[in-house]
Structure formats: C-alpha cells, structure tokens
C-alpha cells in the first residue's frame, strides 16, 4: 500500500497492510540524525517515505482582513508597565476592535499582534483582548472577508504544488482552517470565554456562530482545490477542562456537527484534534460522525485505551496511543512497552494510526524517537486479534 491508501484505510476503520505511524513533527527539522534535515514539508515527506514511515502534507486556508477595515498599530511605553505595549486597532464600519499586548522578552512577533496565536492567550502578555464585551461582536462579524486577490492566488498556487506532490508520492493531504472554540479563546482569553459560557451564554453563542461562518468558508475553499483528503478541526482549547461536558454539548457539539456535515457533503473526511478531557465527550464525537480523533494520550489525559477503543471501534479512527512529552524521554524498554500496549489495545480490526501525542517536538530526544520507531516496526503487522 502507498502511504495515503494506508492512512485512508485506517481512517475508514479498516485494517491496512500494517499499522500506520504518523509522527506529526512540530517545529522540528530532523528526525533522528541532526545532519539530515528538511527545509519544508515536501522534503520531510520524502525522508519519511524512504524510511517506510507515513506522513501527511498540510494546506492552510488563508484568513484575510476585510479590505474595508483600516488597521493601525503603534508601540508605546507606560510607567506602570514593565514592558512596552503594542496597540493594534481594527477600524470597521461597525466599530473599532482594539488589541493590546505586552512586548515581553519572549514575544516572537516583533511589532505586530496576530489575531490567532497561543502567545496572546495568557493575561501576563495580553492587557486587552480583541473581544471584551458584546459590543465588540458586531465589529468582529465584518473583520474578515473571503480570500481574494493576491492572497487567494498564493493559496491556489501552493495548493497546486501540494496536489502534484501528493499524487506523485502517494501521501495524505490535510486541510487546516476550522478552529471553533480555539478561536474563542484566542479572541477573548480563557477567563472571558469561561465567564461568557456561564454568565452570558448569548454572547458566546453569537461569537461561535461568527466563528462557524469562518470555519465553513474555510471548508468550502479547501474542498475546491481538489487535493484535500482530510479537514482538520483544531480543538486544543475545546477540552472539558475549559468546557464542562454540559457546556461542551451546548456550545461545541452543534458547531462540530455542522462542520462535519459540510465536510462530508463535500466528499472529505473530518479529523478532530483534542488531546485532553476526551473521555466524557466520546459520545459527542461519535454522534457528530467525526472520522478521525487525534490526540488519545494515556499519560497526559490518563485515558484507558481499552475503553476508548471499545467506545469508538468501527466508528471513529484513533490517532495517538503514546505520550511524547514523558514516554519518549524514558528508556527503550518503557517506550517499547508503551508502543506494544497501544497497538495491542487500539489496532485490532483497524481504525488506528500510531502517534506520539501531542507531537514530535524539537526537544524530543532522538534516542526516544528511534526507540519508538523501532518498537513500531516490531509490532506493526496485521492481523491483530
């Protein structure tokens, strides 16, 4: 089997020729040997495929500020602030959105403030979130426009490059765009997001409807380029530590279901990344007809792999099974046992892609990663019963 077919077979909850392994490197430019590096995802995929490892290319739907919105950015200092402040304003026909962050020593974005970024979530860095009250929602609703012009042209050019490479090399292509509850946290911060869900649910409902509109536009655009196999909805901030099960069902589930419906209507598979707090929402994942659940972690999330398999078996494919932050820093023996346990519990009958959750990071020890891959090679063969 070529890698793409192997991954698709697993996502269809069937048994491929062997258990796929999808490493998902993040901010890492080499696998094990630091002298063998990749400059982009295309070089990485070639390296992985030569080693009989699976991989996937990513294509991100562009986000474009409405051309009618005037953007102003200034940098200033205040006596009561330890760090300089960056102030970014978006002047629209429906009001002004204002974002203020502290330019801390670890601030990676120079004199700019991205709208969607983990660095802006902590209160220690953000003095004023883009959304602070209901009045801001009207301005938010006209902040973005459908990609056009040069932005769209660049996206289509990259999509064609991805399509050609994927066809020649037989790799899966992921389409990134949907962000749901993650966008809510980026826009108003964790505290405000939680407060709104409890005290001002109408505000949160309005916010998520705006985000859903963006997400559906991303799905539409990604589906038109004819190279996407799998739409990815990122949900790191959608876990039940932030959204208790009752509120998850009220706010997140309807949005997720609508996105899955639209994805399936366009003939694509739907993947959902959520790496903690998953046990109590497995029924929602099934009911929404998610195809691939990424992030099943027995260490970080303390999930029982057997319970997850029993619940999702034949309905939702599972990616993960092994922890990267702790397990891959352990001995080869411990890593081997973790891989064997994951495969024995999750692989029977298909519907499993082995991975180290959350990802392979730039500081993941090469020897741990090597032990992980070697262990997978020993136990990857089907059938598992």
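Numbering (the numbering used here), first residue to last: 803 to 1187. Ideal Cβ placement from N, Cα and C applies to all residues, glycine included.
Simplified DSSP assignment, three categories, for residue i
i	result
residue 817	coil
residue 1007	helix
residue 770	Nothing about residue 770 can be read from this structure; the chain reaches only from 803 to 1187.
residue 971	helix
residue 882	coil
residue 1128	coil
residue 1106	coil
residue 866	strand
residue 1159	strand
residue 844	helix
residue 907	coil
residue 1087	helix
residue 1013	helix
residue 959	helix
residue 805	helix
Span of the alpha helix (DSSP H) around residue i
i	result
residue 1066	1055-1067
residue 1083	That residue, residue 1083, is in no alpha helix (DSSP H); it is neither H nor E in DSSP.
residue 1134	1134-1148
residue 1181	1168-1181
residue 999	982-1001
Length of the line joining the Cα atoms of residue i and residue j
i	j	result
residue 1073	residue 1136	29 Å
residue 1115	residue 1055	20 Å
residue 974	residue 845	15 Å
residue 961	residue 861	7 Å
residue 1096	residue 825	12 Å
residue 1015	residue 1178	41 Å
residue 913	residue 866	19 Å
residue 977	residue 843	14 Å
residue 829	residue 1130	17 Å
residue 1092	residue 1112	16 Å
residue 882	residue 1140	50 Å
residue 1108	residue 1148	7 Å
residue 1128	residue 1183	26 Å
residue 951	residue 900	26 Å
residue 817	residue 896	53 Å
residue 1033	residue 1063	12 Å
residue 893	residue 938	11 Å
residue 871	residue 940	13 Å
residue 864	residue 835	34 Å
residue 1105	residue 948	40 Å
residue 851	residue 813	19 Å
Residue i burial status per 10 Å Cβ neighbour count (16 or more: buried)
i	result
residue 1041	buried
residue 1067	exposed
residue 1061	buried
residue 1035	buried
residue 1110	buried
residue 1024	buried
residue 1103	buried
residue 847	buried
Limits of the beta strand (DSSP E) - the one that residue i falls within
i	result
residue 976	974-978
residue 937	Looking at the DSSP string, residue 937 is not in any beta strand (DSSP E); the run it does join, the alpha helix (DSSP H), is 937-942.
residue 1094	1094-1098
residue 1073	1071-1075
residue 891	887-894
Inter-residue CB distance, residue i and residue j (contact presumed, cutoff 8 Å)
i	j	result
residue 965	residue 1029	3 Å
residue 998	residue 917	Contact doesn't hold; Cβ gap of about 18 Å is too wide.
residue 806	residue 822	Contact flag wrong, Cβ pair sits at about 10 Å.
residue 979	residue 1021	7 Å
residue 946	residue 868	6 Å
residue 1076	residue 1045	Incorrect: roughly 10 Å between the Cβ atoms, too far for contact.
Chain C contact for residue i (CB, 8 Å cutoff)
i	result
residue 809	In summary, chain C is missing from the structure at hand, where a single protein chain is found.
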